[in-house]
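> Residue numbers (my numbering): 39 to 540.
My questions will all concern the structure given below.
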Amino acid sequence: MNLQNYLLVCCLGLLFACKKEIKPPVEPKPEPTEDDFIKGDIYDYFNKYSLWTEQIPDLDEEGRLEFAKKYSSNQSLLAGLKNMTPQYSFQPYQTLDITVGNRYDRYSYLVESGSEGNSSRSHGFWMDTNEGYGIQFGWGVIGDVNYALPVIAFVEVGSPAQKAGVKRGMIVYSVNGEEIKAMLGQSGEVSGADSEKFKRKLEESTLTLKVKTVETLEEEGQDYTMTYSSSYAIDPIVKDSIYKYPEHNKNIGYLAYSSFEEEWRYGHDNQKRMDEVFKSFEDAGIKDLILDIRYNTGGYVDAAIYLANKLINKADDGKLMFYYEVNDYLRPYTEKASGEFDFTPVSFEKKNMLDLTTIYFLVTEQTASAAELLINVLKPYMDVVLIGDANRTYGKPVGFFPEDITDDIQLWVTSFKTVNADEYTDYWNGLAVDEGWIVDYFFLDFGDTRDDMLAKALERAVPTGSSLRASSRKSTSLSLPHALNKGIINKVKERNMLKTKD
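What follows is the structure, given as C-alpha cells:
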C-alpha cells in the first residue's frame with residue numbers, strides 16, 4: 039500500500055471512529071393523571087378488603103398505577119380485578135355478571151356519582167331509601183288468550199305506589215291510557231319487544247295504572263295515579279297477621295318482610311314497628327311463625343341480627359349465632375373491634391318472651407344475602423322449614439361495606455363470609471328448600487290464605503281437620519288466572535348484605 043492510500047484509509051478510519059451515535063430523544067414518562075390515581079386507589083382497596091386478596095398481586099403505588107392504566111374506566115378495572123378471583127360453577131337460574139363470568143366475586147361493585155340513588159349518609163351510617171315507584175311486576179294470563187298482562191307482584195311499603203293504594207295481585211290493563219299486553223311465544227314465553235315497551239312506559243315521570251283484581255275481572259277497572267320519587271323511606275314490614283285455631287288452641291303468626299333496613303338505632307320507626315309486631319305474637323302465644331321473605335334480597339347484617347334475636351328460643355340465648363371469615367388484612371378485627379371495623383363473633387341476645395317451635399320461611403330465587411344469613415344462623419338451633427317456588431334460594435353467603443374513593447365514587451368490595459354454629463357457609467348455589475316448586479301466586483295479596491305458598495305452610499303447621507286449613511287448601515282448585523314465571527320488571531333495589539362502619 040503506498041503512502042497516499044495509507045493516509046486515505048487512516049483518515050476514513052478516524053472519520054468513522056469519531057462519528058457520534060445519535061439516539062432518538064427519550065420521551066419523558068407522562069405524569070399520572072387524577073383518573074390514574076383514582077384507579078390506583080380502587081386497586082389498593084380491592085386488594086386490602088377482598089375476601090380473595092391472595093389472588094390479587096400486592097403492588098406498590100407505581101405498580102398499581104401501571105396496572106390501572108390498562109383499563110379505560112373504573113368499571114372495567116373493577117371487572118378485571120373480579121376476574122382474578124377463583125372460578126366456580128353456579129346454578130344456571132342465577133343471573134351472572136357477563137363481565138366476570140362464573141367467578142366467586144360476582145358481587146363487588148362501584149357506585150359513581152349519578153349511578154345510584156338509594157343511599158345517603160346520616161350520622162355516619164347508611165340510611166336506606168329507594169327511588170322510583172316501588173313496584174315489581176310479573177306476567178299473568180287471564181282466561182283463554184294468547185297474551186299476558188302485567189301483574190303487580192310486590193309493592194314496597196313507603197313507595198309512591200303503596201301510598202296511592204296499589205297492592206300485590208292487581209292486574210294492569212293500561213299505563214297512562216295505553217293498553218298493555220305481551221304476546222306469548224310457542225313455549226308460552228312473553229314477547230321481549232312487548233316487555234321492553236312496558237319497561238319504557240315505567241320510566242315516565244307519572245304513572246296512571248288501570249287495574250283489576252281476580253275478584254273484579256268483569257268490572258270496568260280502577261285508576262291509580264302516582265309520581266316518580268327520587269327518594270322515599272322504606273318500611274320493610276309489608277304485612278303481619280295472626281291465624282287463630284280455637285279448636286286446637288293454637289295461633290300461628292305471619293310476617294311479610296321485604297328487606298333488612300337500618301331499624302335498630304336511635305329508636306327508629308322500623309324498630310318500633312317490629313317490636314309492636316312481636317309483642318302481638320307474644321300476647322297471642324304463637325308457637326309457629328310464617329316469615330314471608332320471598333322478595334327479600336338482603337340488607338344490613340345488624341338488622342338480620344336484630345330479627346334473629348327475636349326468633350331464637352330461650353334455651354339457646356347466649357349461644358353462637360355466627361362468626362366472620364375475612365382475609366389476613368381484616369383478621370385482627372375478628373378478635374378485637376376498632377372504631378372502623380368489627381368482625382368479632384356474634385352471639386344470640388334474646389330480649390323477648392317468644393318461644394317458637396317452628397319457623398316456616400317462604401322464599402324464592404330472589405331471597406338472598408342477609409335473608410339467607412337469617413335462615414342459616416337459626417338452622418343449628420330451631421326447626422326451620424323452607425317453602426319455595428323453586429328448589430333453592432339465591433346463594434350469597436358474603437357481604438361488604440362502602441369505601442369512599444372520592445366524594446363521588448364508592449367501592450363495595452366483597453369482604454367477608456358469615457359462618458353459622460354448624461360451620462356451614464358455602465351456599466353459593468342457595469339454600470335448599472324443604473318444599474319446592476310451590477307456585478308464587480302473585481294474583482293474591484300477602485297474607486291471603488288462598489296463596490299456594492302460605493297455604494302450604496299452614497298445611498304443615500295446622501293439624502288435620504282444621505277449618506282454616508281446609509279453607510286454605512281449597513284455593514288450589516279455584517279457577518283463577520295463570521301466573522307465568524315472574525320475569526320481574528322494574529325490580530326494587532337489591533339490598534345485598536351490608537356492614538356499617540362506625
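For every residue, glycine included, the Cβ atom is placed at its ideal position computed from N, Cα and C.
Would you call Asn168 buried or exposed, if buried means 16 or more other Cβ atoms sit within 10 Å of its Cβ?
In the sequence shown, counting from the first residue as 1, residue 168 sits at position 130. Classification of Asn168: buried, given that the 10 Å Cβ count is 16 or more.
> I need the boundaries of the beta strand (DSSP E) containing Phe399, first residue and last residue.
Here residue 399 corresponds to residue number 361 of the sequence shown, with the count starting at 1. Segment Thr396 to Val401, the beta strand (DSSP E) holding Phe399.
> Out of Lys348, Gln260 and Asn289, point me to the one whose CA is closest to Glu314's CA.
Taking the sequence shown and counting its residues from 1, the one referred to as residue 314 is at position 276. The residue with the shortest Cα to Cα distance from Glu314 is Lys348.
> Please state the DSSP three-state secondary structure of Glu320.
By one-based count along the sequence shown, residue 320 stands at place 282. Reduced to three states, the DSSP call for Glu320 is helix.
> Name the one or two DSSP bridge partners that Tyr281 has.
Here residue 281 is taken as the residue at index 243 of the sequence shown, counted from 1. Tyr281 is bridged to Ile290.
> Could you give the distance in angstroms between the alpha-carbon of Lys455 and the alpha-carbon of Leu103?
Your numbering for residue 455 matches position 417 in the sequence shown. Your numbering for residue 103 matches position 65 in the sequence shown. Distance between the alpha carbons of Lys455 and Leu103 is about 30 angstroms.
> What does DSSP give as the partner residue(s) for Leu329 in the beta ladder?
Counting from 1 along the sequence shown, the entry for residue 329 is found at position 291. Beta-bridge pairing links Leu329 to Leu293 and Phe399.
> Over what stretch of residues does the alpha helix (DSSP H) that includes Val415 continue unbroken?
On the sequence shown, residue 415 is found 377 positions in, with the first residue counted as 1. Val415 -> alpha helix (DSSP H) spans Ala408 to Leu416.
> On the three-state DSSP scale, how would you describe Leu222?
Reading the sequence shown from its first residue, position 184 is the one you call residue 222. Here Leu222 sits in strand by DSSP.
> Measure the C-alpha to C-alpha separation of Pro284 and Gly291 and round it to an integer number of angstroms.
What you label residue 284 is simply residue 246 of the sequence shown in a count that begins at 1. What you label residue 291 is simply residue 253 of the sequence shown in a count that begins at 1. Rounded to whole angstroms, Pro284 to Gly291 spans 14 angstroms at the Cα level.
> If distances are taken between C-alpha atoms only, which option among Gly323, Ile397, Thr372 and Lys434 comes closest to Ala346?
Locating residue 346 in the sequence shown gives position 308, where the first residue counts as 1. The residue from Gly323, Ile397, Thr372 and Lys434 with its alpha-carbon nearest to that of Ala346 is Ile397.
> Does any residue of chain D have a CB that is nearer than 7 angstroms to the CB of Lys77?
In the structure shown, chain D does not exist; there is a single protein chain.
> Does Gln309 come out as helix, strand or coil in the three-state DSSP assignment?
Locating residue 309 in the sequence shown gives position 271, where the first residue counts as 1. Three-state DSSP puts Gln309 in a helix.
> As a quick exercise: from Lys282, Ile280 and Ser296, pick the residue whose alpha carbon is nearest that of Ile272.
Here residue 272 corresponds to residue number 234 of the sequence shown, with the count starting at 1. Looking at the Cα atoms, Ser296 is the closest of the given residues.
> Would Ser146 and Lys120 qualify as a contact pair, given that the criterion is a beta-carbon distance under 7 angstroms?
Here residue 146 is taken as the residue at index 108 of the sequence shown, counted from 1. Here residue 120 is taken as the residue at index 82 of the sequence shown, counted from 1. Their beta carbons are under 7 angstroms apart, which means Ser146 touches Lys120 by this criterion.
> Any idea what DSSP makes of Lys107, helix, strand or coil?
Here residue 107 refers to the residue found at position 69 when the sequence shown is read from its first residue. Looking at Lys107 - three-state DSSP - the assignment turns out to be coil, as it is neither helix nor strand.
> At 3 residues or longer, and completely inside the stretch 204 to 275: list those beta strand (DSSP E) runs for me, N to C.
209 to 213, 244 to 250, 260 to 265 and 267 to 271
> Taking just the CA atoms, how far does Asp330 sit from Gly485?
For the purposes of this step, residue 485 is taken as residue 447 along the sequence shown, with counting starting at 1. For the purposes of this step, residue 330 is taken as residue 292 along the sequence shown, with counting starting at 1. Roughly 9 angstroms separates the two Cα atoms.
> Roughly how many angstroms separate the alpha carbons of Val249 and Pro274, rounded to a whole number?
Indexing the sequence shown from 1 puts residue 249 at position 211. Indexing the sequence shown from 1 puts residue 274 at position 236. So the alpha carbons of these two residues sit roughly 25 angstroms apart.
> Quick check on Lys361: does DSSP put it in helix, strand or coil?
Position 323 of the sequence shown holds residue 361. Checking the sequence shown, residue 361 turns out to be Tyr, not Lys. Here Tyr361 sits in strand by DSSP.
> Please classify Asp336 as buried or exposed, where buried requires at least 16 neighbouring CB atoms within 10 angstroms.
For the purposes of this step, residue 336 is taken as the residue at position 298 of the sequence shown. Rather than Asp, the amino acid found at residue 336 in this sequence is Gly. Classification for Gly336: buried.
> Would DSSP call Ala186 helix, strand or coil?
In the sequence shown, residue 186 corresponds to position 148, counting from 1. Strand, per DSSP.
> Between Ala493 and Ala499, what straight-line distance do the alpha-carbon atoms span, to the nearest angstrom?
If you number the sequence shown from 1, residue 493 lands on position 455. If you number the sequence shown from 1, residue 499 lands on position 461. Roughly 10 angstroms between the two C-alpha positions.
> Could you spell out the range, first to last residue, of the beta strand (DSSP E) harbouring Pro501?
Residue mapping note: residue 501 aligns to position 463 of the sequence shown, counting from 1. Where Pro501 is concerned, there is no enclosing beta strand (DSSP E), given that its DSSP letter is neither H nor E.
> Could you check the C-alpha separation between Asn308 and Val339 for me, to the nearest Å?
Position 270 of the sequence shown holds residue 308. Position 301 of the sequence shown holds residue 339. A direct Cα-Cα distance of roughly 15 angstroms separates Asn308 from Val339.
> For Thr246, which of Lys357, Leu222, Phe439 and Asn214 has the nearest alpha-carbon?
Taking the sequence shown and counting its residues from 1, the one referred to as residue 246 is at position 208. Of the candidates Lys357, Leu222, Phe439 and Asn214, the one whose C-alpha sits nearest the C-alpha of Thr246 is Asn214.
> For a quick check, are the C-beta atoms of Gly377 and Tyr432 less than 7 angstroms apart?
Here residue 377 is taken as the residue at index 339 of the sequence shown, counted from 1. Here residue 432 is taken as the residue at index 394 of the sequence shown, counted from 1. No.
> Is it the case that the Cβ atoms of Phe298 and Leu392 are separated by a distance below 7 angstroms?
Translated into positions along the sequence shown, residue 298 becomes position 260. Translated into positions along the sequence shown, residue 392 becomes position 354. Cβ atoms of Phe298 and Leu392: not closer than 7 angstroms.
> I need the DSSP call for Asn334, collapsed to helix, strand or coil.
Within the sequence shown, numbered from 1, the residue matching residue 334 stands at position 296. Under the three-state reduction of DSSP output, Asn334 falls in the coil class, being neither helix nor strand.
> Here's the rule: buried if 16 or more other CB atoms are within 10 angstroms of the residue's CB, otherwise exposed. What is Asn458?
By one-based count along the sequence shown, residue 458 stands at place 420. Answer is buried; the Cβ neighbour count reaches 16.
> What number of angstroms, rounded off, separates the C-alpha of Leu411 from the C-alpha of Ala341?
Residue numbering aside, residue 411 sits at position 373 when the sequence shown is read from its first letter. Residue numbering aside, residue 341 sits at position 303 when the sequence shown is read from its first letter. Cα to Cα, Leu411 sits roughly 11 angstroms from Ala341.
> Between the stretch 222 to 231 and the stretch 259 to 270, do three or more beta carbon pairs fall short of 8 angstroms?
no
> Does DSSP put Gln404 in a helix, in a strand, or in coil?
As a first step, residue 404 must be located in the sequence shown, where it is residue number 366. DSSP places Gln404 in coil when its eight states are reduced to three.
> Count the other C-beta atoms from every protein chain shown that fall within 10 angstroms of the C-beta of Asn287, then say buried if there are 16 or more, exposed otherwise.
As a working note, residue 287 is residue 249 in the sequence shown. That one is exposed.
> With a CB to CB cut of under 8 angstroms and the five nearest residues on each side skipped, what residues in its chain are close to Val477?
Locating residue 477 in the sequence shown gives position 439, counting from the first residue. Result list for Val477: Asp427, Asp490, Met491 and Ala521, in chain order.
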